[in-house]
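**Student:**
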Amino acid sequence: MSCSDPCCEGGIDFTKTPVAELFGSNSFSNAVMRERLPKNIYKEILAVQEGEKELTLEAAEVVAASMRDWAIEKGASHFTHWFHPLTGLTAEKHDSFISPTGDGRVIMEFSGKELIKGEPDASSFPSGGLRATFEARGYTAWDVTSPAFLKQDRTGTTLCIPTAFISYYGQALDKKVPLLKSIDALNKQALRVLRALGNETAKRVYTTVGPEQEYFLVDKKFYDQRPDLMLTGRTVFGALPAKGQEMEDHYFGALKERVADFMRELNYELWKIGIPAKTQHNEVAPNQFEIAPVYANSTAAVDGNQMVMETIRSVARRHGMEGLLHEKPFAGVNGSGKHNNWSMATDDGINLFEPGENPESNARFLLFATAVVEAVDRYALLIRSSVATAANDHRLGANEAPPAIVSIFFGGPLTEILDNIAEGKVSGKSESGVKVKLGVTSLPNLPKDVSDRNRTSPFAFTGNKFEFRMVGSSQSIATPNTYLNVAVAQVLSEFADKLEKASNKIDGLQAVIKESYSKHRRVVFNGNGYSDEWVREAERRGLPNVKNAVDALSVLTRSETISLFETHKVFTKEESESRYHIYLEKYSKQINIEAGVMIEMARRSIFPAVTSYAASLARDASSLAAIGAASASQEKRAKKIAELSAELFDDAAKLETVLSEAQGAEENFAQAKAYFEKVRPAMETLRSKGDALEKLVAKNAWPFPGFEELLFKL
Numbered sequence: 001m002s003c004s005d006p007c008c009e010g011g012i013d014f015t016k017t018p019v020a021e022l023f024g025s026n027s028f029s030n031a032v033m034r035e036r037l038p039k040n041i042y043k044e045i046l047a048v049q050e051g052e053k054e055l056t057l058e059a060a061e062v063v064a065a066s067m068r069d070w071a072i073e074k075g076a077s078h079f080t081h082w083f084h085p086l087t088g089l090t091a092e093k094h095d096s097f098i099s100p101t102g103d104g105r106v107i108m109e110f111s112g113k114e115l116i117k118g119e120p121d122a123s124s125f126p127s128g129g130l131r132a133t134f135e136a137r138g139y140t141a142w143d144v145t146s147p148a149f150l151k152q153d154r155t156g157t158t159l160c161i162p163t164a165f166i167s168y169y170g171q172a173l174d175k176k177v178p179l180l181k182s183i184d185a186l187n188k189q190a191l192r193v194l195r196a197l198g199n200e201t202a203k204r205v206y207t208t209v210g211p212e213q214e215y216f217l218v219d220k221k222f223y224d225q226r227p228d229l230m231l232t233g234r235t236v237f238g239a240l241p242a243k244g245q246e247m248e249d250h251y252f253g254a255l256k257e258r259v260a261d262f263m264r265e266l267n268y269e270l271w272k273i274g275i276p277a278k279t280q281h282n283e284v285a286p287n288q289f290e291i292a293p294v295y296a297n298s299t300a301a302v303d304g305n306q307m308v309m310e311t312i313r314s315v316a317r318r319h320g321m322e323g324l325l326h327e328k329p330f331a332g333v334n335g336s337g338k339h340n341n342w343s344m345a346t347d348d349g350i351n352l353f354e355p356g357e358n359p360e361s362n363a364r365f366l367l368f369a370t371a372v373v374e375a376v377d378r379y380a381l382l383i384r385s386s387v388a389t390a391a392n393d394h395r396l397g398a399n400e401a402p403p404a405i406v407s408i409f410f411g412g413p414l415t416e417i418l419d420n421i422a423e424g425k426v427s428g429k430s431e432s433g434v435k436v437k438l439g440v441t442s443l444p445n446l447p448k449d450v451s452d453r454n455r456t457s458p459f460a461f462t463g464n465k466f467e468f469r470m471v472g473s474s475q476s477i478a479t480p481n482t483y484l485n486v487a488v489a490q491v492l493s494e495f496a497d498k499l500e501k502a503s504n505k506i507d508g509l510q511a512v513i514k515e516s517y518s519k520h521r522r523v524v525f526n527g528n529g530y531s532d533e534w535v536r537e538a539e540r541r542g543l544p545n546v547k548n549a550v551d552a553l554s555v556l557t558r559s560e561t562i563s564l565f566e567t568h569k570v571f572t573k574e575e576s577e578s579r580y581h582i583y584l585e586k587y588s589k590q591i592n593i594e595a596g597v598m599i600e601m602a603r604r605s606i607f608p609a610v611t612s613y614a615a616s617l618a619r620d621a622s623s624l625a626a627i628g629a630a631s632a633s634q635e636k637r638a639k640k641i642a643e644l645s646a647e648l649f650d651d652a653a654k655l656e657t658v659l660s661e662a663q664g665a666e667e668n669f670a671q672a673k674a675y676f677e678k679v680r681p682a683m684e685t686l687r688s689k690g691d692a693l694e695k696l697v698a699k700n701a702w703p704f705p706g707f708e709e710l711l712f713k714l
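Per full-length UniProt numbering, residue 1 is the first one in the sequence shown, and the count goes up by one each step.
(1) Compare the beta carbon distance of MET470 and VAL387 with 8 angstroms and say whether it is the shorter of the two.
(2) So who's on the other strand from ILE107, going by DSSP bridges?
(3) Got a sec? Which residues, its chain only, sit under 8 angstroms from TYR295 by beta carbon, not counting five neighbours each side?
(4) Which same chain residues end up closer than 7 angstroms to SER2 when comparing Cβ atoms and leaving out the 5 residues on each side of it in sequence?
(5) To the nearest angstrom, report how far apart PHE365 and GLU494 are at their CA atoms.
(6) Does the distance from the CB of PHE216 to the CB of ASN287 come in under 8 angstroms?
(7) What is the rounded straight-line gap between the Cα of ALA20 and the Cα of ASN26?
(8) Give the straight-line distance between the Cα atoms of GLU269 and PRO276, rounded to the nearest whole angstrom.
(9) Tell whether a beta-carbon distance below 8 angstroms holds between residue 754 and GLU212.
(10) What is the rounded straight-line gap between the Cα of ALA190 and the Cα of VAL486?
(11) What does the Cβ neighbour count give for MET683, buried or exposed, with the cut at 16 atoms within 10 Å?
(12) Return the CA-CA distance between SER96 and ASN528, expressed in angstroms with no decimal places.
(13) Which residue's Cα is closest to the Cα of GLU265: TYR251, GLY253, ALA380, GLN280?
(14) Give the range of the beta strand (DSSP E) segment to which THR157 is assigned.
(15) Measure the C-alpha to C-alpha separation of PRO38 and ALA91 and round it to an integer number of angstroms.
(16) CB GLY238 to CB PHE707, shorter than 8 angstroms?
(17) Roughly how many angstroms separate the alpha carbons of LEU711 and ASP497, rounded to a whole number?
(18) In the DSSP assignment, the beta strand (DSSP E) including GLY210 goes from what residue to what residue?
(19) Report the partner residues of ASP174 according to the DSSP bridge assignment.
(20) Could you check the C-alpha separation between ASN297 and LEU655 for me, to the nearest Å?
(21) Helix, strand or coil: which one does DSSP assign to GLN280?
(22) With distances taken Cα to Cα, identify the nearest neighbour of PHE649 among MET601, LYS74, ARG619, SER385.
(23) How long is the line joining the alpha carbons of HIS568 and ASN187, rounded to whole angstroms?
(24) Comparing C-alpha positions only, which one of HIS520, LEU499, ASN267 sits nearest to ALA292?
(25) Any idea what DSSP makes of THR133, helix, strand or coil?
(26) At what residues does the beta strand (DSSP E) containing ASP153 begin and finish?
(27) Using a Cβ-Cβ distance under 8 angstroms, would THR208 count as near chain B?
(28) Between LYS220 and GLU322, is the Cβ-Cβ spacing less than 8 angstroms?
(29) Looking only at its chain, what residues have a beta carbon closer than 7 angstroms to the beta carbon of TYR517, apart from the 5 residues adjacent to it on each side?
(30) Taking all protein chains shown into account, do 16 or more other C-beta atoms lie within 10 angstroms of the C-beta of GLY24, making it buried, or fewer, making it exposed?
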């Protein structure tokens, strides 16, 4: 099949197409709209993006015509409303631009109505009871805050229009609608606080996000021989090889040529659609890697991360590899996460989490930082629930990822300053030498680097942003950011109530910081989050430690959670409850698939292979005995394999029994609980037998590629 892309013509040459020229060439960005739209229409779109007005159909018609012409010039034949259903993936239905003229010809059309509204069948997407199966109608609506882009592959070019997805009755059926509402809620309350502090210039506060994406690469030929990887994304059997990650020689190591070629094309594809991929490197585990973009506004970052995950997989296949996004594809080595770097900024360029060079900016910084402390403490269970998945349960709390206890790392100097404020020590110097002065006109002058880096913290302040490290590698970042936005919005609304009533701005600000931080500083922890001592200390402080997704999700049904979402118009009660049921169903379905694959692999592949191998050992032992040679070791090995294979067969039957019981549960929570409490332990027992057998049989007798091939051969 022919392809005009340089990737198909023997490589990428940035001397022929410089990166600056390439970047955003397939993105219908604001820069493109500024060039192609009439000035009045462009200004109207900017106003819509800023939430200052609603989009008119007249403006949409002009944008649609321009977008169509731009896409067709670049070879597009189809368009799609690209959205984020509650599966956590993306969805798209392609329509061509053609419109028959009646004389056997066609013209290329794309109307304003087609741009701003689509009507996909909603019946097959998760709704959690928001609509019946026969109520198939759903609507997609153009998200003006995220640029349209072109998706190109060997089959052609498609115009992708980021959209929100709602039911016939207006209920959110996706992850984008709640995110947009949470951004509006945070903007409203943050502006109230800024106005109370005397800022009259900022017109909008928005959130920025920069997600660091971890993933594994494995050779496609080995991947295709592993039913568990193909069907579940992780290995349900697999013994560790002699070497794992203990030599610590992979992290930041030199890239293998094959991986470097892959990353070069990955960057090329991402840069074309305007995703500012910035950093790439080897991660801790063998064949584990990371890519991180420059931050962007939240909606663009969410869309961008979905495309990063999709592009990792598609580019990997073109290089004869498979990209694994599962949180724990291999037991015994590090899993993969997604660090969500979150901040708040104003439309006039102020990062609200940037320690400033004058007392006014530092006062603002400490106030907003304190708001995050209170939000994370009060809504720790909600934040924990945002990362609650069956896959993420494998990594949270292990010595590779943050613990399931939600805490904040601030570092020594900043913690000292806030402690001093809470304790009324309003002048002098802290032990670290940072000046602490809370006089009439000033708050402390803070150093630029007010914190070190603590890789064990789930929620760390890293200089001018907060890094939420509990997010799973395969997750959409929409939900964690939605919940975080709402939690902080609620705290800021309460801060604003107090500041608006304060007769003296400085005194009021100091009082708010002191009261809030005094109550909520228990959530600040600067030590080793991996240690057993922290688990005990967290319990003493009264911090929740929810170790599994099933229990973590229950917070979504609590009255205070429902009230929080309703107050800020992010979810209705029905929408909150629907997500609870959807996430429980997804948890159960994931483990159900894994258990089914495990039983199949044990019975149809492992058991026949190992029993055949044991029989061959027994025959060899008999042959050796017949010539008077020692055969005890052969007999002993054959006997051990026979014993383990019998146990494997029995454990598969036991797993099948508890799996059937879990499948029969009628209520979502009871079913998910059965999968967690009964099915997963039975899977672990069965795995232990399979992994023990893998270590006993000859390599050529084992029916699947092992970890040595998967982790060390690229």
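Backbone N, C-alpha and C fix where the C-beta goes; we use that ideal spot for every residue, glycine too. Remember, it's a predicted structure, so these values are computed and weren't measured experimentally.
**Tutor:** In short, the structure shows the following:
(1) Cβ atoms of MET470 and VAL387: closer than 8 angstroms.
(2) The partner list for ILE107 (beta bridge, DSSP) reads SER99.
(3) A distance below 8 angstroms between beta-carbons, with the five flanking residues on each side excluded, links TYR295 to the following residues of its chain, in chain order: THR208, VAL209, GLY210, ALA301, ASN341, SER343, LYS465.
(4) At SER2 the pLDDT is 39, less than 50, meaning the model places this residue with poor confidence and gives no usable figure here.
(5) A straight-line Cα-Cα distance of about 17 angstroms links PHE365 and GLU494.
(6) Yes, the Cβ-Cβ distance between PHE216 and ASN287 is below 8 angstroms.
(7) Between ALA20 and ASN26, the C-alpha separation is close to 13 angstroms.
(8) Each residue's Cα considered, the two are about 11 angstroms apart.
(9) Not covered by the structure: residue 754. The range shown for the chain is 1 to 714.
(10) For ALA190 and VAL486, the gap between their C-alpha atoms comes out near 11 angstroms.
(11) MET683 should be labelled buried.
(12) Cα to Cα, the separation comes out at about 55 angstroms.
(13) Answer by Cα proximity: GLN280.
(14) THR157 -> beta strand (DSSP E) spans 156–167.
(15) Here the alpha carbon of PRO38 sits roughly 32 angstroms from the alpha carbon of ALA91.
(16) Cβ atoms of GLY238 and PHE707: closer than 8 angstroms.
(17) Each residue's Cα considered, the two are about 55 angstroms apart.
(18) Per DSSP, GLY210 belongs to the beta strand (DSSP E) from 205–219.
(19) In DSSP, ASP174 forms a bridge with PRO85.
(20) Approximately 46 angstroms between the Cα atoms of the pair.
(21) In this structure, GLN280 counts as strand in the three-state DSSP scheme.
(22) Here the closest residue by C-alpha is MET601.
(23) Each residue's alpha carbon lies about 11 angstroms from the other.
(24) From the listed residues HIS520, LEU499, ASN267, the smallest Cα separation to ALA292 is found for ASN267.
(25) At THR133 the pLDDT is 40, less than 50, meaning the model places this residue with poor confidence; the figure from the coordinates comes in the next sentence. Coil.
(26) Looking at the DSSP string, the run of the beta strand (DSSP E) that includes ASP153 is 148–153.
(27) Chain labels in this structure do not include chain B; a single protein chain is all it has.
(28) Between LYS220 and GLU322, the gap from beta carbon to beta carbon is short of 8 angstroms.
(29) Result list for TYR517: THR370, VAL373, LEU418, ILE421, ALA422, in chain order.
(30) Burial is judged here by how many other beta carbons sit within 10 angstroms of a residue's own beta carbon; GLY24 has at least 16 and is buried.
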